[in-house]
Each structure stands twice: as structure tokens, then as C-alpha cells.
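Notes follow the structure.
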Amino acid sequence: MKYNPMKILISKMTASANLAAYLLAAGLVLNLSAVVAKEAETTQVADAAVAKIVSLTNPSASYGVQIGDKLSRKVVLDVPMPYQIAKEAFPKKGKKANGIELVEVNVETDQQKTRTLYTVSLGYQAFTNTNTPAVMQLPAEQFTLTGGEKADNQTMAIDLPAWGFWFSPLVSGNAETAQKNIQPEFTPPLVAIGAHQTRLILFLSVLAASLLALLYINADGNWLPFMGGAFAQAHRQLKRLSKSSGAKTAKEEKQALVYIHQAFNKLYRANIFARDIERFVTMRPSFKKMKGDIEQFFNYSNQSLYSTEARDSAKVIQNLVQLSKQLRDCERGV
Amino acid sequence: MSPPLDAQLTDWRSHALKLESEVKNVIVGQDKAIRLMNIAIFARGHVLLDGGVGVGKTTLLQAIARGIGGAYERIEGTVDLMPNDLIYHTFLGPDGRPQIDEGPLLRAGENLSVFFFNEINRARPQVHALMLRVMAERHLSAFKKEYRMPHMIVFADRNQVEKNETFEIPSAARDRFMMEIPIEIPTDRELKKSLVFNTKFQHAEKLTQQVESNILQFDQLNAFSDLLQNHIKSSDVLEEYALDLWEATQHPEKFGVTMESVDVTRVIQTGASPRGMGMLLKAARVNAWLNGRDSMYPEDIHAVFHEVISHRLVFNSMYENRRTALARELTANIMSTVAVPSTTFSKAA
């Protein structure tokens with residue numbers, strides 16, 4: 508039997524098997540670019556009279572293999588009768604050689620009339636820890652045939668050639684090494700949220716404005732700088748007065764009137780009397796709609812403050828609370 | 007038996023308003039002055055009219071005197087006028103012998119209701135002294151007997167424009183007048199036109215004759231005035247306010263009163279006197295009554311404040327030349343600044 512790498516050989520076991528594997532690896536290095544283009548390498552056997560490899564499937568890439576990577580080979584053997592491959596002749600799981608460990612062996616047998624087809628799946632894992640790129644190989648395997656005629660002192664076998672590849676070690680080193688090898692980091696592409704953001708800002712703005720408006724219109728407290736108007740203050744004082752315990756006397760009634768008079772004086776920037784109402788509403792047009800009520804108030808105030816007729820003070824104070832609220836609304840331009 | 011109080015008040019009020027109305031018919035553009043003079047009549051206060059020449063002061067006084075009823079006497083202030091000229095005058099009788107007769111002040115006796123002193127500032131201080139004493143006491147001893155003039159009201163006028171041969175009335179004397187009423191030319195153009203082109207305004211005597219005479223019963227005014235003063239009430243708030251106003255005439259800066267052209271702390275030497283404040287409230291009560299009320303409002307005080315108070319204020323000498331304008335500004339600012347109801351009341355409550 509002649510040695511031909513492109514054919515299935517049944518040969519004697521020789522010590523030069525490893526050398527042949529190295530030569531194959533060297534060839535792979537020289538023709539790396541060609542090898543990259545290939546998806547899988549299959550070896551066909553032409554001679555059907557002898558046992559042969561029907562097909563061989565190697566890993567798809569012979570580069571970029573790192574420690575821990577799994578590499579699989581699948582070979583289909585055609586063994587004519589009466590030859591067969593003993594179960595013990597297949598490689599054993601756990602076999603290690605040159606940093607490569609056989610971690611998986613799976614054999615399927617298809618017995619036919621004149622021959623037997625063996626589908627052998629071999630799984631390897633790289634465990635070498637070299638610091639530099641290195642050429643490695645999945646080891647050559649030999650499937651010994653039994654059961655047929657054979658020459659003396661000779662073993663009939665099918666040789667599965669080694670398969671070379673480039674081992675790429677993980678970078679080992681310190682922070683300096685990492686810095687040298689650092690690559691620019693690309694930010695992940697962001698989801699476009701501009702429209703949502705605009706709507707959210709708009710909504711929150713409207714919400715905030717509405718809350719402020721409600722606060723401005725209805726709140727009694729002096730929570731915002733422009734809420735401390737003269738009538739707002741008077742309204743607060745009157746509410747406190749109306750809620751105070753005890754029966755309301757003429758003194759408290761007069762006090763309530765004083766609060767509103769003080770508010771008027773503050774806005775008018777002078778002492779205001781009934782004769783000044785026209786000038787007041789001209790100066791503060793927002794109070795124009797209340798002119799009648801203001802006149803009524805001054806009329807009532809004069810009677811209360813300067814005459815001696817008795818009145819229901821509690822009711823008067825309650826009315827003044829209402830009036831001060833209306834005047835506060837005018838003051839706030841509501 | 008006297009009629010009920012309410013009826014008296016109503017009856018007198020209608021007469022008072024009628025007097026105003028009658029005078030307004032012949033004196034145009036002086037409504038405020040007429041109301042103030044009406045107030046003075048019922049508050050029994052003397053009045054000093056202040057104004058230029060030919061603005062109708064005399065006609066106004068004559069018209070009012072006719073409405074009040076009673077005797078009306080008049081004297082012209084001149085530089086040679088002496089006090090005795092008010093009390094008596096001498097003349098040769100039909101028999102050729104010198105005779106002495108009572109002067110204008112005594113002639114009408116108790117029937118004197120209006121004494122008009124024209125251009126009082128032309129008279130000498132001796133005359134002022136006599137006149138002011140009579141104004142205060144309303145009686146005088148002469149010819150070894152006591153002359154009483156219980157119903158007399160003095161209306162004096164003063165020409166502010168001409169200063170030659172005049173004697174300024176001292177502040178103590180001015181204090182005797184209840185009011186100093188400015189008589190100004192009307193600002194309304196139609197009124198001015200009427201005053202110039204309507205011939206009825208050019209005959210003062212005829213004009214005053216149109217006023218119904220004896221509208222008021224002059225000899226009952228004193229009694230009714232007392233009644234009125236007792237009837238009109240003032241609340242504690244108003245009393246506080248009046249006191250604040252008084253204090254503001256003395257120390258305007260305490261109440262935040264300011265003046266545009268001068269430092270307010272330097273203007274006032276002396277504020278209103280107690281007599282002045284008493285007169286202010288008397289006049290304010292009359293105003294309340296004329297407005298149909300039985301309680302005084304701040305507006306009643308305001309209606310008479312300037313006219314009752316301004317001539318009582320004693321300014322530092324450097325400001326005397328500008329008295330009229332400064333007094334007007336100060337009283338106006340006091341009324342607009344002093345708060346009512348006052349903050350004092352607020353705190354006390």
C-alpha cells in the first residue's frame with residue numbers, strides 16, 4: 508500500500524506518524540488563507556475494494572482556538588466483510604496528547620450485506636496554556652481491523668490523519684498589558700426617546716402649571732411670593748378670627764373690619780374712604796366688578812365702626828370672610 | 007312745650023339746607039364755601055374768609071346774613087381804624103351839640119346776628135385785640151353798662167394778595183376763628199362765563215335781595231346748637247382717630263406723613279390747639295347732622311379738617327411765606343396717611 512495523503516491508507520504502524528502530522532501542520536500554516544475559506548474538509552476514498560474512509564468532517568475553522576474550546580471531528584468508515592472494527596479499537600474517552608483531550612466518543616454502526624459503515628464522532632477540548640500562538644493538532648487516530656485475512660505480524664488498520672490548527676492563547680499579563688490591548692469602547696446604540704421625552708416634559712409642565720394655578724387661586728397660605736397680597740393676608744386673619752372660640756363680640760366685629768380696611772389702605776397706598784372708591788377701582792381695574800360690594804362694605808363699615816347700633820357680629824364676620832375671599836380673587840386677578 | 011328732638015332736628019335741617027340752597031342760587035361756584043359757612047353758623051363759630059379781590063366774599067356774606075335773619079353790621083378795616091370806632095362814634099346833633107352814639111358793634115344789641123369785618127388785616131392790632139375779645143366773650147362793657155351779643159357770629163375777610171399797610175393776624179388771634187375758608191375763583195368754564203356775562207351777578211345788592219330773609223331763627227341757634235352737639239354721637243374708633251389727627255398736626259412724622267417740597271419735621275412749630283380740636287369736632291358733628299346722621303364719620307371730620315385746622319398751625323418762620331400751599335398739602339397728607347380704624351385700635355382689640 509502506497510502512502511498518499513489524499514487516499515485512505517491501510518498501512519503498517521510506523522514511528523514516522525508524528526512527523527507526518529507536523530508536516531501537515533506546516534502545510535496548513537503556509538496555506539492558511541486558503542484554509543480559512545473552506546467550511547469543512549472532507550476526504551473521499553476512491554478504492555471501494557478495501558476498507559476506506561467514506562467521509563471526514565473536521566472543525567470549520569483552524570484558527571482562533573482558545574483554551575477550553577471544543578473541536579469535533581466526524582468520520583464515516585466503510586469496512587468490507589469479513590473485516591470489522593472491534594469495540595475496543597475505537598479511541599478511549601479521556602485520552603490526552605499534547606494539551607488536547609478526547610472528551611467525547613460516539614460510534615454508530617450500520618451493518619450491511621457486504622460491508623459495515625461506522626460513523627465515529629470525536630470531541631476534543633484544548634487544554635494547553637501556552638502564552639504565545641502555537642500550531643497544534645487533533646491527534647491522528649488508528650482504527651484496527653479484525654476478522655479477515657492478514658499478513659503475518661501485520662495489523663490491518665485505517666489511519667485517520669491528524670488535523671492541525673492555530674492555538675490562540677488568552678492574553679495573560681497585568682494592568683499594563685491590559686492597557687496596551689485596550690480597545691475603544693463603543694456605547695450601545697440608544698433607543699430614540701426624544702418624542703416621549705418632549706411629551707413627558709410638556710405633560711409635567713402643564714401639570715405643574717395647573718397645580719400652581721390651583722394653588723394660586725385657592726390656597727390660603729402664603730406659600731408663593733406673590734400670594735402674600737393685602738387681601739390674602741386679610742382673608743387669613745379673618746378666617747382665624749371667625750374660627751376662634753367664643754362668642755363674637757362687637758370688638759371682634761370691629762377688628763374684622765379693621766383687617767379689610769388695612770388691606771384697602773395698603774393697596775390704595777393711602778387712607779381710603781367711601782369717596783375714594785371710584786379712584787381706587789380706576790387705579791386697580793381688577794376690582795371694578797366688586798365696586799358695588801366695596802361701596803356696600805364701606806357703608807356697612809361706617810355704621811359698624813361709628814354708630815352704636817347692635818348687630819349679629821358672628822354673621823358679620825362670616826360675611827366679611829366671604830367678601831375678603833372675593834377681594835383676594837380680584838387681587839390675584841382670578 | 008318744645009317739639010320732640012327728632013322733629014327739631016329734621017325741621018332745623020330742612021331750614022339749614024334751604025339756606026344753602028337759597029345762597030347757592032345767587033352765589034355760583036362756591037358750594038363748598040357755602041356748606042362750610044352753614045356748618046359754622048350751626049356750630050356757632052366765627053369765620054375768616056380768605057381770598058383775592060372781587061371774588062364775591064362780601065356778596066356771599068350778605069346773602070348768608072340775610073338768610074340767618076337778625077341784625078347785620080359791618081365795618082371796614084383801615085389802617086387808621088381804632089377800637090373805639092367799633093364801640094361808638096361822635097357827631098354833631100341837630101341842635102349843634104356833639105353827640106355820642108353806639109358804634110356798629112353795640113348798635114343792634116342782642117339782635118346782632120352777623121358782624122362783618124371787611125379786610126380785617128388792614129386794621130391795627132389794637133382793633134384785632136378788641137374784636138377777638140368780643141368774639142370770645144360775646145359781651146362788652148361800654149357806657150357804664152354791659153352789652154351782650156349772644157347770637158353774634160363774626161365773618162371777617164382778608165385779602166391775601168395785597169400786603170401793603172396790612173397787619174398780619176397773630177396765630178393766637180387766628181385761633182379764635184373756627185374756620186378760615188378760602189374763597190377761590192370757580193374753575194368751571196361755564197360758571198366763569200356766567201359770572202362775567204350774566205348781568206345779574208353785577209348787582210350785588212339786587213342779588214342778595216333774592217335770598218329769602220329770616221330762614222333761620224337767629225335767636226334760637228345757640229340753643230339748637232347745644233342740642234345738636236349733644237345728639238350727635240362719636241364712637242371710640244372715631245375718638246381714637248380724632249386724637250391721632252391731633253397728634254399728627256403736632257408730630258406728623260410719627261404717622262409717616264411726608265411732604266413733597268419740605269422736610270415735614272422742620273415745618274411745624276405748634277400743632278392744633280385743644281380749642282381747635284374742640285371746634286373741629288363741633289363742626290364735624292354739624293356736618294354729620296346735615297348729612298342726616300346721628301353719628302360722626304371720619305368723612306365729617308375731613309369735610310372741615312383743612313378749614314378748621316390749617317390756620318391754627320404755627321409754621322417755622324422760614325415757611326410762613328408759603329403758609330397757604332404748605333398748610334393745604336400738610337392737612338391733605340395727614341388725612342390720607344393717618345389710618346382709620348387706626349392700628350392702635352387694631353392692636354388694642
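Chains A and B are the protein sequences, given in the same order.
Going by the working numbering, 750 is the number at position 243 of the first sequence; the sequence numbering is gapless.
Going by the working numbering, 97 is the number at position 91 of the second sequence; the sequence numbering is gapless.
From the three backbone atoms N, C-alpha and C, an ideal C-beta is built for every residue, glycine too.
If you reduce the DSSP assignment to three classes, tell me which class Arg299 (chain B) lands in.
Of the three classes helix, strand and coil, the one that applies to Arg299 (chain B) here is coil, per DSSP.
As assigned by DSSP and simplified to three states, the class of Asp12 (chain B)
Helix, per DSSP.
Using DSSP with H/G/I as helix, E/B as strand and the rest coil, what is Met283 (chain B)?
Residue state, collapsed to three classes: helix.
For Leu863 (chain A), which residues of its own chain have a beta-carbon under 7 Å away from its beta-carbon, when the five flanking residues on both sides are left out?
Residue 863 (chain A) lies beyond the range of chain A shown here (508 to 841); nothing can be said about it.
Does Lys599 (chain A) pass the burial test, meaning 16 or more other C-beta atoms within 10 Å, or should it be called exposed?
Around the CB of Lys599 (chain A), fewer than 16 other CB atoms lie within 10 Å, so the residue is classed as exposed.
Can you pull the DSSP bridge partners for Arg622 (chain A)?
Within the DSSP bridge table, the entry for Arg622 (chain A) names A:Pro587 as partners.
Counting only Cβ-Cβ distances shorter than 9 Å, please list the residues of the region 263 to 274 of chain B near chain A, keeping chain order.
Hits within the stretch: zero.
Is there a C-beta anywhere in chain A that falls below 8 Å from the one on Leu234 (chain B)?
Closer than 8 Å: no.
So, with DSSP's three-state summary, where would you put Glu211 (chain B)?
Shown here, Glu211 (chain B) sits in a helix according to DSSP, grouped into three states.
Exposure of Ala13 (chain B), with buried meaning 16 or more beta-carbon neighbours within 10 Å:
For Ala13 (chain B), the number of other beta carbons within 10 angstroms of its own is below 16, and it is reported as exposed.
Any chance the region 163 to 172 of chain B sits against the region 35 to 51 of chain B, with 3 or more Cβ pairs inside 8 Å?
Output reads no: the region 35 to 51 of chain B does not touch the region 163 to 172 of chain B.
Provide the residue span of the alpha helix (DSSP H) that contains Gln166 (chain B), from first to last.
Segment: none, Gln166 (chain B) is in no alpha helix (DSSP H) and carries neither H nor E.
Does Pro304 (chain B) come within less than 8 Å of chain A when only Cβ atoms are used?
At least one chain A Cβ lies under 8 Å of Pro304 (chain B).
Nearest CA to the CA of Arg72 (chain B): which residue from B:Phe122, B:His312, B:Asp86?
Comparing Cα-Cα distances from Arg72 (chain B) to each of B:Phe122, B:His312, B:Asp86, the minimum goes to B:Phe122.
Among the candidates B:Leu42, B:Leu87, B:Ile221, B:His157, whose CA atom is the shortest distance from the CA of Leu136 (chain B)?
The shortest Cα separation from Leu136 (chain B) among B:Leu42, B:Leu87, B:Ile221, B:His157 belongs to B:Leu87.
Could you check which residue in B:Thr276, B:Ile315, B:Val263, B:Glu79 has the C-alpha nearest to that of Glu186 (chain B)?
Taking only the C-alpha atoms, the option nearest Glu186 (chain B) is B:Ile315.
Say whether chain B places a C-beta atom closer than 8 Å to the C-beta of Asn778 (chain A).
Yes, contact with chain B.
Would you call the region 717 to 725 of chain A and the region 772 to 785 of chain A in contact, with 3 or more CB pairs under 8 Å?
No, they do not touch.
Would you please verify whether the beta carbon of Met341 (chain B) is less than 8 Å from any beta carbon of chain A?
Contact with chain A is found for Met341 (chain B), since one of that chain's Cβ atoms lies less than 8 Å from the residue's Cβ.
Environment of Glu785 (chain A) [buried if 16+ CB atoms lie within 10 Å]:
Flag for Glu785 (chain A) reads exposed.
Classify Gln573 (chain A) as helix, strand or coil using the three-state DSSP reduction.
Under the three-state reduction of DSSP, Gln573 (chain A) is assigned to coil, being neither helix nor strand.
Cα-Cα separation between Phe321 (chain B) and Val273 (chain B), rounded to whole angstroms:
Cα-Cα distance, rounded: 6 Å.
Examine chain A for any beta-carbon lying closer than 8 Å to the beta-carbon of Leu244 (chain B), and answer yes or no.
The beta carbon of Leu244 (chain B) sits closer than 8 Å to some beta carbon of chain A.
Taking Cβ-Cβ distances shorter than 7 Å, what residues in chain A pair up with Val346 (chain B)?
Correct list: Asn778.
Can you pull the chain B neighbours of Val823 (chain A), defined as C-beta to C-beta under 8 Å?
Within chain B, not a single residue places a beta-carbon under 8 Å from that of Val823 (chain A); the smallest gap is close to 14 Å.
The beta strand (DSSP E) that contains Glu186 (chain B), what's its start and end?
Element bounds for Glu186 (chain B): 185 to 189.
On the three-state DSSP scale, how would you describe Thr96 (chain B)?
Strand, per DSSP.
Is it the case that the Cβ atoms of Leu11 (chain B) and Trp295 (chain B) are separated by a distance below 8 Å?
No. Outside cutoff.
Mind checking who Leu645 (chain A) pairs with in its DSSP beta bridge?
Within the DSSP secondary-structure output, Leu645 (chain A) pairs in a beta bridge with A:Trp670.
For Gln632 (chain A), which residues does DSSP report across the bridge?
A:Lys577, A:Glu608.
Length of the line joining the Cα atoms of Gln690 (chain A) and Ala593 (chain A):
Approximately 53 Å between the Cα atoms of the pair.
Tell me which residues of the region 703 to 725 of chain A have at least one Cβ-Cβ distance to chain B shorter than 7 Å, keeping chain order.
Considering only beta carbons, no part of the region 703 to 725 of chain A lies closer than 7 Å to chain B.
Residues near Glu253 (chain B) in its chain [Cβ-Cβ closer than 7 Å; skip 5 each side]:
Sequence-distant partners of Glu253 (chain B) (beyond 5 residues in either direction) whose C-beta falls short of 7 Å from its own C-beta, in its chain, are Lys260.
Neighbour flag for Ala737 (chain A) against chain B, beta carbons, 8 Å:
The beta carbon of Ala737 (chain A) does not come within 8 Å of any beta carbon belonging to chain B, so the residue lies off that interface.
Under the three-state reduction of DSSP, which class applies to Leu54 (chain B): helix, strand or coil?
Of the three classes helix, strand and coil, the one that applies to Leu54 (chain B) here is strand, per DSSP.
Own chain residues within Cβ distance below 6 Å of Gln132 (chain B), not counting five before or after
Cβ-Cβ distances below 6 Å link Gln132 (chain B) to Pro89 in the same chain, with the five nearest sequence neighbours on each side left out; the list follows chain order.
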